[in-house]
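Those protein sequence lines, which keep their order, are chains A and B.
Just so we're aligned, residue 9 is where the first sequence starts under the numbering used here, counting upward by one.
Just so we're aligned, residue 3 is where the second sequence starts under the numbering used here, counting upward by one.
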Amino acid sequence: MIILPKQRLSTIRASFQFKIFCIFTILTAFISCLFITLYIFDKISETRIHAKKEVHLLAQQLAVSVRLPLYAENRDLLRQFAEQAGSVPGISKVIIAAMDGRVLAYFHSPANSTLAEVIGETVQVRSLPVEISLGKEPPDAKPTFAPLIGTVRIERGTDDLKRTIQQSVALSCLLATLFWLAVSVLCYLALRRTTRSYNALIRGVEIMQAGDYGSRIDIVCTDEPGRAALAINNLAKMLQLRDEEKLSLNQELVIAVETEVQAKEDLAAANRCLEVEVAERIHAEQIARKSEQTLRNLMDIMPVGVVWTDQDGTVEYVNNFLVERFGYGRKEIPTLQAWFALSFPDPGYCLLVAASQREALARSRSAELADFQPHEARVTCQDGSIRHVLIFNQIAENRTIVVVIDITDRELLHEQFTKVQKLESLGVLAGGIAHNFNNALTGVLGFISLAGNLLDESHRAHEFLQHAERASLRAAGMAKQLLTFASGGAPVKKPVSLRKLVEEGVSLTLNASNVRCVLEMPPSLPLIRADEGQLIQVFNNILINAVQAMPKGGIVTIRAENNTTDGGDPDRNHQREYVRLSIADQGHGIAEGDLPKIFDPYFTTKQTNTGLGLASVHSIIYRHGGNVSVTSQVNKGTTFTICLPSCKDVQSPHGGVGKQLEKAGRGSGFVLIMDDDETVRELSGETLRFLGYQVISCADGKDAVALYEGNKEAGSPFLAVILDLTVPGGMGGVEAARQILAIDPEAKLLVSSGYSYDPVMAGYQKYGFCGAVAKPYRAAELGHELSRLH
Amino acid sequence: MRKILFLILALLLLLAGPAIASEVLVVQSVRNPLYDEAIRGFKSACAVDTRTLVLSDYADADLARVIREERPRLVLAVGDRALAALRKIRKTPVVALMALNIPNPEVSSANLSGVNLFVSPERYLSLFQKIKAKRIGIVHDPARSGWYLKLARAEAERLGMELVVREVHNPRQTMSQLDSLKGKVDSLWVLPDTTAVTSETLEAYFLFSQREAIPVISFSASHLKLGAMIALEIDRSELGKQAGEMAKKLLQRAEPGDPAVVSPRKVFIKSNEAVLKRFNYSAADI
């Protein structure tokens, strides 16, 4: 571990040794300074006193020495004595004076004569020798009164004293400093030695603090730290043992804790599972409650009646269906027997039903599996109507559950379904007949058209050919209606005149009725893109309802107008040009409650109707991009309003016979015709040849593919190929088109079919065709499609 | 090489010549101007060849060998040390000069003569008389100055003064004997007694004098500086002349005279005016 100098310094500063050392050295320094100060002061005082004493002693000595010379006034000797005294270092003046004050000897030392302070002592010289007193005189000493001979005065300068003191001070300070340093060093060494055991103790404790109880503190000596170290070693040993015990216990604890944790985790998992389970149960309960409630709600809205009773037959629950369908309130049927009594007023029949129920319940109790064999019954409703029901009985958790299914409507539906199946069968039959009929009519119409082109218009046969064409077209229209009725598929739209379709529909529906039709349709009504057959079917269904609503006859008013709105359909919120067509009758109207449901499938207010007519009207109009709505007033009449998108293509419908081919447009090139019907092949061929095309025909798609491939390889590819959609027993138009397009992706293909509602016809582009011609097609139509291709 | 040796021998003989040729050997204790003054006086009275030997120049001078080798006719002992060194000389006449320990005339040796430093007591006592001293303290060694004190007693008795005498036999007794004179004397007479007066005890006399406030009459003017009031200073030159006359006589093969040891002929009376003033005397009174 790297200890930074600053950290090391702080550690050192905080150490016991350092503190003691600092305290000791500071104290030593303080004491040294104090002693030095006191010593200096004492030295100064002592020096002064010593100097004074020295001067005094010197003066006394001199007094004693000069007693005789002074007595004899021996100036020379006195001078000598004065000089001798003055030779003492520091003496500045020596004055020996006679008794009368005459200076007999004077010594002055210039070196010591400064303005500084001087110490002077004057001693009397007496005839008796004066004992040089170094200290206090004894208490019994008697003062001497010897005759005064003279005086001796000695003055001493203090410069040397000051120097001496300064030297003493410097020396003292130096000594004190040395002393302090020595003491500090010794103290340091002593502390080091003294604290060695402490340091060892601290190091050992630090090591142990780090967790190493195995280490032992070195016992340097048997002083207090040594004893402490010994005690700590023993403590460490104990701690080590305890640590080991603790480790083992800790391991056991860890294991136990892990086990506990695992158990807790398991418990937590179990709790979580439990919580999940509880949540699931709660959720399940909620779901159950919800389910129960939903069940109740479902049961309430179930189209079957549900009753459950206890073992005694007391009704615990009755759903709404049973109450509403049969009309008996919950209070009227407190028991099942009460319901039986009301529902089966015939006592015998009631007993029979009750017996059947008892049998069923007995089977239910005895059988291992639930026995849901129902028994039929005819329930008399409160309004007196009879409902055919199936009654299911089940024992569940000491309850009797009775389920009553009203099969009256189902039977009705079954009857209707049977009718529909029959209709479908008829539709398939009709579709097949229509298909063949279309093929035949294609030939008829085609040749009539050709004949018409070959005859002059003034020829008498030309008028007959026109009648024949119109009759054929009517036959084709019937065939289309049959096909429309049979398939009901996607509309094959093309520009048609709404007026024409309405007139055709009116003629088909109202010709044999006592209902008169009033048309209010402007001649400038735009064309619409529609499937003629389907729209005729729409108009037929609406007009049939109108006729049925006016059994005594009336007027059906059909109005049409051009409109630029959203068509009145909130679901189709886009601005377009629409043709609004309204068909209004004067019938008994539709009840307000039935209005929302009249377009629902199978909804009918008439026993004999299938309920599909208006549903198909709604479906057909919707597929044409329009909408249909109804308004009605009871006993006033009903008005159906149809909005269909108008078509901008204002091409006038095809003209009559003779002019069609001229309008078709001519062309040239090879055209391949594939159709299983020979008549159609001949008609198509003649028509195309008339238009200038060269025609090659075949009966099968496989042949068509081979011919196309051959011509292409020969370098004379076909201009177009007309393929019949349906080839019984052979390759149809779709497969042939795929193979031809594989050979030549740029091939121009037309599909023709008598099934104008076939999805291929409706969406021919998806199958690679460039156009579609519905049979029976006229020559003009064929020529028009071909001319459109190039 | 021979010539060099001959020259050295001649030089030595030449140098030894005067030593051999001198008649008087002057043995001087120390080199002292006072001794020189006396010797000059001696030479003025006895103009003979002399050779001076200063004992202080030698660690241990063998005077007997020197005398035996030089065979001076007379030896002049100047100072007590020289006198003591010549005490064993018996054959050569010795004239003592400037020595305190010159034996008293009553006891003298055959070859020893000289001039002592004892001024006649009459001169001293007359001074005491002038200062009206009645009781005169004296510390002496009878062995050295007993003869003198006898003379002084007789004179003092004649003059009606009392001599309070204390005897010492070694210098260490001087202090105590002086103290014994406390209150008993009114003056102090310092005799040139080498036992009673030594350099160590000299100041005691004057200190006693200072302490007791009694005048001191001493035999040396140097003592005036120590506090002696009056000092009879011997004229050293005259002293030397006296010794020279005596030596001359001895050289002339005459007897030294009787007594062989004489007192100084001429003295100076010197006084310390400060001390005189302290005792209310003046120089005119003396």
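We treat Cβ as the ideally placed atom computed from N, Cα and C, and that holds for glycine.
- Burial is judged here by how many other beta carbons sit within 10 angstroms of a residue's own beta carbon; B/Ser31 has at least 16 and is buried.
- Annotation note: the stretch 117–162 of chain B contains the following uninterrupted beta strand (DSSP E) runs of length 3 or greater, listed N- to C-terminal: 137–142.
- Under the 7 Å criterion on CB atoms, A/Leu76 is classed as interfacial with respect to chain B.
- At least 7 Å separates the CB of A/Leu42 from every CB of chain B.
- For A/Ala71, no chain B residue has a C-beta closer than 8 Å to its own C-beta; the minimum C-beta separation is roughly 12 Å.
- For B/Arg53, no CB of chain A lies under 7 Å from its own CB, so it is not counted at the interface with that chain.
- Taking C-beta atoms as the reference points, A/Leu749 and A/Gly741 fail to come closer than 7 Å.
- Under the three-state reduction of DSSP output, A/Asp732 falls in the strand class.
- Within the stretch 223–240 of chain B, contact with chain A at the beta-carbon level (separation under 8 Å) is assigned to Leu226, Lys227, Leu228, Gly229 and Ala230.
- One alpha carbon belongs to A/Asp752, the other to A/Thr450, and they sit about 29 Å apart.
- When A/Glu754, A/Ile127 and A/Glu694 are compared, the shortest CA-CA separation from A/Gly165 is found for A/Ile127.
- Residues of the stretch 174–199 of chain B with a C-beta atom less than 8 Å from some C-beta of chain A do not occur.
- Distances from the alpha-carbon of B/Met248 to those of B/Arg267, B/Arg137 and B/Phe208 put B/Arg267 closest.
- The continuous beta strand (DSSP E) containing A/Gly128 extends over residues Val126 to Arg134.
- For the stretch 202–226 of chain B, the beta-carbon criterion of a distance under 7 Å to any beta-carbon of chain A is satisfied by Glu205, Phe208, Leu209, Gln212, Arg213, Ala215 and Leu226.
- Under a 10 Å Cβ-count criterion, A/Glu252 is classified as exposed, with fewer than 16 other Cβ atoms of the shown protein chains found around its own Cβ.
- Looking at the DSSP output, A/Ala106 bridges to A/Gly158.
- The C-beta of B/Val277 comes closer than 7 Å to at least one C-beta of chain A.
- Any Cβ of chain B closer than 7 Å to the Cβ of A/Tyr114 would place that residue at the interface, and such an atom is absent.
- Judged by DSSP secondary structure, B/Lys272 falls within the beta strand (DSSP E) whose first and last residues are Val269 to Ser273.
- Excluding sequence positions up to five before and after A/Thr517, its CB lies within less than 8 Å of the CB of Phe547, Asn548, Leu551, Ile552 and Val555, all in the same chain and listed in chain order.
- Residues of the same chain with a CB within less than 7 Å of the CB of B/Gly43, apart from the 5 flanking positions on each side, are Arg238, Ser239, Glu240, Leu241, Gly242, Lys243 and Gly246 in chain order.
- In the structure shown, the three-state DSSP call for B/Ala198 is coil.
- Contact annotation: A/Leu330 and A/Gly313 have beta-carbon atoms nearer than 7 Å.
- Residue state for B/Phe208 is assigned as helix, using DSSP reduced to three classes.
- Under the three-state reduction of DSSP output, A/Asn635 falls in the strand class.
- When the alpha-carbon of B/Asp38 is set against those of B/Ser147, B/Met100, B/Ser224 and B/Met163, the nearest one is in B/Met100.
- Only buried fits A/Arg134, as 16 or more other CB atoms lie within 10 angstroms of its CB.
- Per DSSP, reduced to three states, the secondary structure at A/Glu754 is coil, with no helix or strand assignment.
- One Cα belongs to A/Leu458, the other to A/Lys614, and the distance between them is close to 49 Å.
- A/Asn519 sits in coil when the DSSP states are folded into three classes, being neither helix nor strand.
- A/Val523 counts as buried, since no fewer than 16 other beta carbons sit within 10 angstroms of its beta carbon.
- Straight through space, the alpha carbons of A/Thr55 and A/Arg171 are spaced by roughly 11 Å.
- Of all residues in the stretch 75–101 of chain A, the ones placed with a Cβ closer than 8 Å to any Cβ belonging to chain B are Arg75, Leu76, Pro77, Tyr79, Ala80, Glu81, Asn82, Asp84 and Leu85, in chain order.
- About 7 Å separates the CB atoms of B/Ala233 and B/Phe221; that is less than 8 Å, so the two are in contact.
- Under the 7 Å criterion on CB atoms, A/Leu136 is classed as interfacial with respect to chain B.
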